[in-house]
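Accompanying notes for the structure given below.
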Amino acid sequence: MSSDIIVIGSINMDIVVKTKEIPKVGETVIGREITENPGGKGANQAAALAKLGTKVSFLGMVGNDTNGKKLLSSMQESGVNTSLIKSIEGSSGTAFISVDDEGNNSIIVVPGANDKVDKNYLEENINAIKETKFVLLQQEIPMETVKEAVLLSKKLGKTIILNPAPAHCLDEEVLKNIDILIPNEHELARLSNREIKDIDSIIEASKYLISVGVSKIITTLGEKGAIYVDEAVVQHFKPFTAKVIDTTAAGDSFIGGFLHSYLDTGNIFKSIEFGQKAATITIQKYGAQVSLPTIEEINNYGFYKKSEVIVD
Ligand code: RIB
């Protein structure tokens with residue numbers, strides 16, 4: 001089955017604790033409630049795309065445990081083609097997430113099966129990559145596999161989108177093959193090896209990465225919106241207003257929304273706004289995949305842009 005986009009990435013069961021405050025180093029706090037929800041940056045981004053109606057296939061692995069089955073059915077319910085996902089001996093990926101009363105989170109990921117996504121598996125599935133137009137990656141699978149997937153996909157003439165999360169350094173050989181890079185501020189700092197403190201430093205860091213060979217960069221800034229930079233254009237997108245409940249998967253929802261629209265229209269600016277709309281709905285619900293919107297939810301929601309731009 002051919003698809004418009006292939007996501008090569010991670011699948012996790014999220015174990016979420018709600019708490020008044022996220023503990024600092026050495027501190028103990030009391031949590032309120034524990035829930036288990038399907039997550040993983042790769043799976044969330046694929047589910048976000050599929051829920052909006054994009055044809056998406058997934059390359060990744062789960063363990064042959066009960067979570068593996070639950071994770072696959074959640075992705076299938078969202079409409080992701082999971083037929084190429086391998087179920088292997090051992091545990092599925094697990095993420096331990098604390099969410100505080102302001103909706104902030106902190107996450108520890110134990111990769112489990114995600115760590116086994118390797119070059120051989122990519123080669124086994126080369127036909128699926130050949131048949132698609134776009135390849136979307138994150139960094140929750142081994143970095144050698146990310147690098148291999150970028151180089152292989154480029155050789156096959158694909159458009160490559162990288163969400164460099166969680167943050168890792170990347171060599172120029174990989175960066176120069178990225179068509180659209182979607183980092184947050186921390187990931188941008190790591191990739192550009194620069195301190196990010198204000199809008200000018202975001203632009204400067206983005207321009208540096210563009211000089212290395214990245215084509216387009218969208219830096220997501222949470223409540224401060226997003227900044228787009230390419231060789232000729234710099235544009236800041238104000239955020240939409242929202243009552244934040246849980247920011248988990250906000251970036252994943254943005255990427256799903258953005259790419260759904262970009263594959264459809266090719267218009268980068270409209271698509272960034274569409275991604276912002278998707279993320280605005282996601283942050284007003286708890287959980288990762290369960291908080292991703294459908295196209296109807298986006299179309300029926302009354303969005304308002306924040307009037308003040310707060311970047312510095
Ligand atoms: O981006 C949010 C995701 O990060 C969570 O679903 C968790 O699994 C981690 O991968």
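Using my numbering, the letters of the sequence shown map in sequence onto residues 1 to 312.
Idealized CB from N, CA, C, for every residue including glycine.
- The region 247-255 makes no contact with the region 199-209: fewer than 3 CB pairs, one atom from each, lie closer than 8 angstroms.
- The Cβ atoms of Ala-165 and Glu-140 sit closer than 9 angstroms to each other.
- In the structure shown, the three-state DSSP call for Thr-19 is strand.
- Judged by DSSP in its simplified three-state form, Arg-194 adopts coil rather than helix or strand.
- Tyr-286 and Thr-35 have their C-alpha atoms spaced approximately 10 angstroms apart.
- Between the C-alpha atoms of Thr-280 and Gly-26 there is a straight-line separation of about 34 angstroms.
- The Cβ atoms of Val-29 and Val-99 do not sit closer than 9 angstroms to each other.
- A residue is called buried when at least 16 other Cβ atoms come within 10 angstroms of its Cβ; Met-143 does not meet this threshold and is exposed.
- Remark: the C-beta of Ala-167 is outside contact range of the ligand RIB, defined as less than 8 angstroms to any heavy atom.
- Looking at the DSSP output, Phe-240 sits in a beta bridge with Lys-305.
- Around the C-beta of Leu-156, fewer than 16 other C-beta atoms lie within 10 Å, and the residue is accordingly described as exposed.
- In the same chain as Thr-220, and ignoring 5 residues on each side of it, the C-beta atoms closer than 7 angstroms to its own belong to Ile-182, Asn-184, Ala-226, Gly-251, Phe-254, in chain order.
- Here Ile-97 is actually not in contact with Val-62; their C-beta atoms are around 18 angstroms apart, not less than 8 angstroms.
- Residue pairing from DSSP places Lys-86 in a beta bridge opposite Met-61.
- Relative to Leu-49, the option among Phe-303, Ile-295, Lys-270 whose CA is nearest is Ile-295.
- The ligand RIB has no heavy atom closer than 8 angstroms to the beta-carbon of Ser-215.
- Leu-122: member of the alpha helix (DSSP H) spanning 119-124, first to last residue.
- Annotation: the region 159-217 contains the following complete segments of the beta strand (DSSP E) (minimum length 3 residues), in chain order: 159-162.
- For Ala-95, the enclosing beta strand (DSSP E) stretches over residues 93-99.
- Beta-bridge analysis with DSSP links Gln-235 to Tyr-228.
- Per DSSP, Leu-136 is one residue of the beta strand (DSSP E) stretching across 134-137.
- According to DSSP, Glu-33 shares a beta bridge with Lys-18.
- Within the model, the alpha-carbon separation for Ala-189 versus Ala-167 is close to 9 angstroms.
- Look at Asn-81 here: in three-state DSSP terms it is strand.
- Excluding five sequence positions before and after Phe-274, the CB atoms of its chain that fall closer than 6 angstroms to its own CB belong to Gly-257, Ser-261, given in chain order.
- Residue burial annotation: Lys-20 is exposed, with fewer than 16 other C-beta atoms found within 10 angstroms of its C-beta.
- The alpha-carbon of Leu-259 is positioned some 10 angstroms away from that of Asn-267.
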